Amino acid sequence: MNFFKFASLTLIRNLSKNIVIFIFFTLFIFIASSFIFTSSSLQNSLDAELQGQPDIIIQHKKASRNHPIDNSIVDEINDIPGVEKAYERVFGYYFFDTANRYINVIGIDFLDEDQEKQIKHLYKNFDLKAFLQEDNMLISSAVKKLFEQYYYDKFFNFIVEDEEPKKVYISGVFDKKINLFLNDSVVMDIAIAKNILGYEGNEASEIGIIVPNKLEIDNIVQKLLVITPTSKIITKDNMYKYSHELYDYKGGIFLSLFITSFLGFLVIFYSQASSISGAGKKQIGILRAIGWSINDIIKWKMSEAMIVSFVSFLSGILLSYFYIFLFKNNIFVSIFLGSDNVYKDISLEPFFDINSFAILFFITIVPYLASTLHPAWKSSIADPTEAVK
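The numbering used here numbers the first residue of the sequence shown as 3 and each following residue consecutively.
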């Protein structure tokens with residue numbers, strides 16, 4: 003017998019009862035899938051972004067806070083065997099007091115070939131010669147929108163301590179896909195960035211180091227500790243580890259809440275399924291009277307549960323996929339990325355983490371199917387004669 007076909011007909015017949023379970027199940031899967039899609043997409047994008055970061059970063063810390071580091075050690079670091087290049091990195095937040103917002107200012111040495119290449123993936127058809135003819139900057143679409151609100155459509159005046167405002171012209175806007183990690187950022191020449199952020203000529207935010215042979219990183223770190231024993235040294239592996247811990251932590255908090263909520267849902271469903279109505283008992287009694295076995299009744303009820311759970315699971319995933327990857331600035335992005343500094347103009351790159359969805363399948367559908375076994379068995383062993391009366 004085709005139990006799935008019969009189960010489909012009985013589900014349609016009792017649509018008002020089953021639609022509530024379907025909606026709740028779909029909602030659970032939608033929320034869980036949204037967190038998985040958001041977390042995995044952000045993590046995948048961040049991993050790709052970290053690939054372009056230096057292999058080692060040196061920071062100067064005082065009272066656990068970042069302080070400018072003296073860039074005079076760059077030449078000494080370049081002399082270490084195994085180091086391909088050490089260079090200064092400059093960045094920091096500028097407070098736009100009129101808008102009460104912070105703008106991330108990033109300085110780039112455009113005469114450095116490697117750093118200049120990084121700009122080319124931010125802005126198509128980048129013309130270095132034209133860019134350096136005057137004080138120019140590249141900005142994100144979110145910063146552009148912020149500037150335009152205050153009528154800065156061609157340039158922006160940065161307030162510099164003890165100096166006249168620094169006028170920097172807007173040369174272009176980042177590619178939309180770049181906005182995920184540079185949503186509140188502007189990129190300009192390193193000398194202009196130092197001037198705006200208040201750095202001296204011999205100061206930088208940190209030192210980046212490129213090491214071709216990754217097996218030499220630990221050895222180079224030990225030599226760096228001799229050169230600058232009070233500085234904090236961060237390797238690319240440390241960056242990967244921290245980023246994964248951050249997203250795993252946020253995802254773990256949600257998963258705990260989700261499992262607790264889903265177990266509560268199973269209790270409600272089990273209670274409803276256990277208390278079969280008179281019409282339901284009569285239906286089972288008739289089926290038993292015409293020759294259905296206990297196993298047939300269980301197969302029928304399990305088929306109903308499989309149809310509801312599978313359809314709800316797929317519906318929740320599809321709804322979540324379209325919501326996360328087609329709708330900008332959705333609530334789940336805000337949960338993972340925090341509160342707004344500037345307008346979020348962010349689109350996530352589609353990414354499907356099959357392992358996470360396999361886990362979601364087993365912690366939702368399997369318990370749901372298991373919860374139908376006892377009610378189905380209990381109903382099937384009832385006396386058919388009493389049930390039909």
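Where is the CB? At the ideal position from N, CA and C, for every residue including glycine.
In this text, all values refer to a predicted model and were calculated from it rather than measured experimentally.
Arg103 is not a Cβ neighbour of Leu140, given a cutoff of 8 Å. Just so you know, the alpha carbons of Tyr125 and Phe183 end up roughly 15 Å apart. If you look at Phe93, you'll find it in the beta strand (DSSP E) that goes Lys87 to Phe98.
Counting only runs of 4+ residues, the alpha helix (DSSP H) found wholly inside the stretch 32–95 occupies 75–80, in chain order. Between Lys64 and Pro214, the alpha-carbon positions lie close to 31 Å from each other. Tyr171 carries a strand assignment under DSSP once its states are collapsed to helix, strand and coil. Around the C-beta of His69, fewer than 16 other C-beta atoms lie within 10 Å, and the residue is accordingly described as exposed. For Ser245, same chain residues with a beta-carbon under 8 Å away, outside a window of 5 residues either side, are Gln45, Leu48, Asp49 and Leu52 in chain order. Taken atom to atom, the span from the alpha-carbon of Ser35 to that of Tyr325 is near 10 Å. Ranked by Cα distance from Val335, the options Asn185, Met190 and Ser314 are led by Asn185. DSSP places Glu150 outside any beta strand (DSSP E); the residue lies instead in the alpha helix (DSSP H), whose first and last residues are Ser143 to Gln151. Annotated as proximal: Val107 and Tyr96, with beta-carbon spacing under 8 Å. Cβ-Cβ distances below 8 Å link Ile309 to Phe6, Ala9, Ser10 and Leu13 in the same chain, with the five nearest sequence neighbours on each side left out; the list follows chain order.
When Cβ pairs closer than 8 Å are counted between the two stretches, the stretch 219–239 is seen not to touch the stretch 22–29, the count staying below three.
The alpha-carbon separation between Val92 and Ile367 amounts to approximately 51 Å.
A contact between stretches requires three or more CB pairs, one per stretch, nearer than 8 Å, and the stretch 143–160 fails this requirement with the stretch 111–122. For the pair Ile229 and Ile75, the CB atoms are nearer than the 8 Å cut-off. Straight across, the Cα-Cα distance linking Ile337 with Ser42 is about 14 Å. By the Cβ neighbour-count rule, Thr374 is buried, with 16 or more other Cβ atoms within 10 Å of its own. When rounded, the separation of the alpha-carbon atoms in Ile209 and Ile235 is 10 Å. By the beta-carbon neighbour count (other beta carbons within 10 angstroms, threshold 16), Glu90 is buried. Per the coordinates, the alpha-carbon of Ile212 lies some 33 Å from the alpha-carbon of Ile38. Judged by DSSP secondary structure, Phe312 falls within the alpha helix (DSSP H) whose first and last residues are Ile296 to Leu328. C-alpha of Tyr242 to C-alpha of Pro83: approximately 25 Å in a straight line. DSSP, reduced to helix, strand and coil, places Ile194 within a helical segment of the structure shown. Here Tyr153 is exposed: its Cβ has fewer than 16 other Cβ atoms, across all protein chains shown, within 10 Å. Non-local beta-carbon contacts of Ile319 in its own chain, meaning distances under 6 Å to residues more than five positions away in sequence, involve Ser35 in chain order.
Going by DSSP, Phe133 is part of the alpha helix (DSSP H) stretching over Leu130 to Phe133. Here Pro352 has Phe327 as same chain residues with Cβ atoms under 6 Å from its own Cβ, once five neighbours each way along the sequence are excluded. Looking from the CA of Gln135, the closest CA among Ser173, Ala206 and Ile198 belongs to Ser173. The beta-carbon separation of Gly54 and Leu199, rounded to 22 Å, does not stay under the 8 Å limit for a contact.
The Cβ atoms of Asp81 and Lys238 do not sit closer than 8 Å to each other.
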